[in-house]
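Residue numbers (the UniProt record's numbering): 1 to 208.
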């Protein structure tokens, strides 16, 4: 994995996930960010997460890393260096409180260790990606299953929006959204991230 420059995330990019939050899919990609201090490898380590901020939810996602800015004429595949899987950990109670008060909710998404990522692997192309499956296993039970073709906003939609509104460049990471099935972690939970049934990363939660 090359040096990470920015971490962008897409919210509510799977319809059923938006519905489980009691919400709807936005009319354009909903983008938020995480600081690079939130990044940690899902390499079988114990990962400390806050125990004093309410529920800490898991959200499993496909991640892409860019090799360059996005060129609409060349398409998404021309600027994707690699892909991986990740977990967008979220302080759900804090996020809901901040939303209700009309405040930004960066602190509910950007705390240390909130962006856990697997090793990256070559991007197989969007067609192959869309015929694949990713999943999150917790303590031996499947918690989430994602079908990439169910993304509301496809890679070109996401990249075009980010390029225009925020700018993109080599090293940027994009979390592309989570499917339904999100929920809180408990101390000692063992999480495994799977691509087509094959483990690509794991971690154990340490609520501290």
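Note that CB positions come from ideal geometry on N, CA and C, so glycine has one too.
{"query": "Simplified DSSP assignment, three categories, for residue 166", "result": "coil"}
{"query": "C-beta contact flag for residue 203 and residue 186 at 9 Å", "result": "no"}
{"query": "Identified DSSP bridge partners for residue 32", "result": "9"}
{"query": "Segment contact flag, the segment 84–97 with the segment 153–166, C-beta cutoff 8 Å, min 3 pairs", "result": "no"}
{"query": "Residue-chain proximity (residue 77, chain B), Cβ-Cβ < 9 Å", "result": "As a matter of chain content, chain B is missing from the structure shown, which is built from one protein chain."}
{"query": "The segment 168–187 contacting the segment 52–65, beta-carbon criterion three pairs below 8 Å", "result": "yes"}
{"query": "Distance CB(residue 48)-CB(residue 158) smaller than 9 Å", "result": "no"}
{"query": "Own chain residues within Cβ distance below 7 Å of residue 232, not counting five before or after", "result": "Nothing can be reported for residue 232: it is not among the residues displayed for the chain, which extend from 1 to 208."}
{"query": "Extent of the continuous alpha helix (DSSP H) run through residue 129", "result": "126–130"}
{"query": "Beta-carbon separation (whole angstroms), residue 81 vs residue 65, contact threshold 8 Å", "result": "5 Å"}
{"query": "Which of helix, strand or coil DSSP assigns to residue 190", "result": "strand"}
{"query": "Rounded Cβ spacing between residue 94 and residue 54 (contact assumed at less than 8 Å)", "result": "6 Å"}
{"query": "Rounded distance between the beta-carbons of residue 126 and residue 76, thought under 8 Å", "result": "7 Å"}
{"query": "Cβ-Cβ distance between residue 152 and residue 25 below 9 Å", "result": "yes"}
{"query": "Buried versus exposed, by CB contacts within 10 Å (16 or more), residue 89", "result": "buried"}
{"query": "Close Cβ partners of residue 160 (< 7 Å) along its chain, the five nearest in sequence each way excluded", "result": "70 and 72"}
{"query": "Coil, strand or helix - residue 48 by DSSP", "result": "strand"}
{"query": "Host beta strand (DSSP E) of residue 101 (start-end)", "result": "Looking at the DSSP string, residue 101 is not in any beta strand (DSSP E), and its letter there is neither H nor E."}
{"query": "Where the alpha helix (DSSP H) through residue 118 begins and ends", "result": "It is not in any alpha helix (DSSP H) - residue 118 carries neither H nor E in the DSSP assignment."}
{"query": "Own chain residues within Cβ distance below 7 Å of residue 139, not counting five before or after", "result": "189 and 190"}
{"query": "Simplified DSSP state of residue 155, which is helix, strand or coil", "result": "helix"}
{"query": "Distance, residue 50 Cα to residue 12 Cα", "result": "24 Å"}
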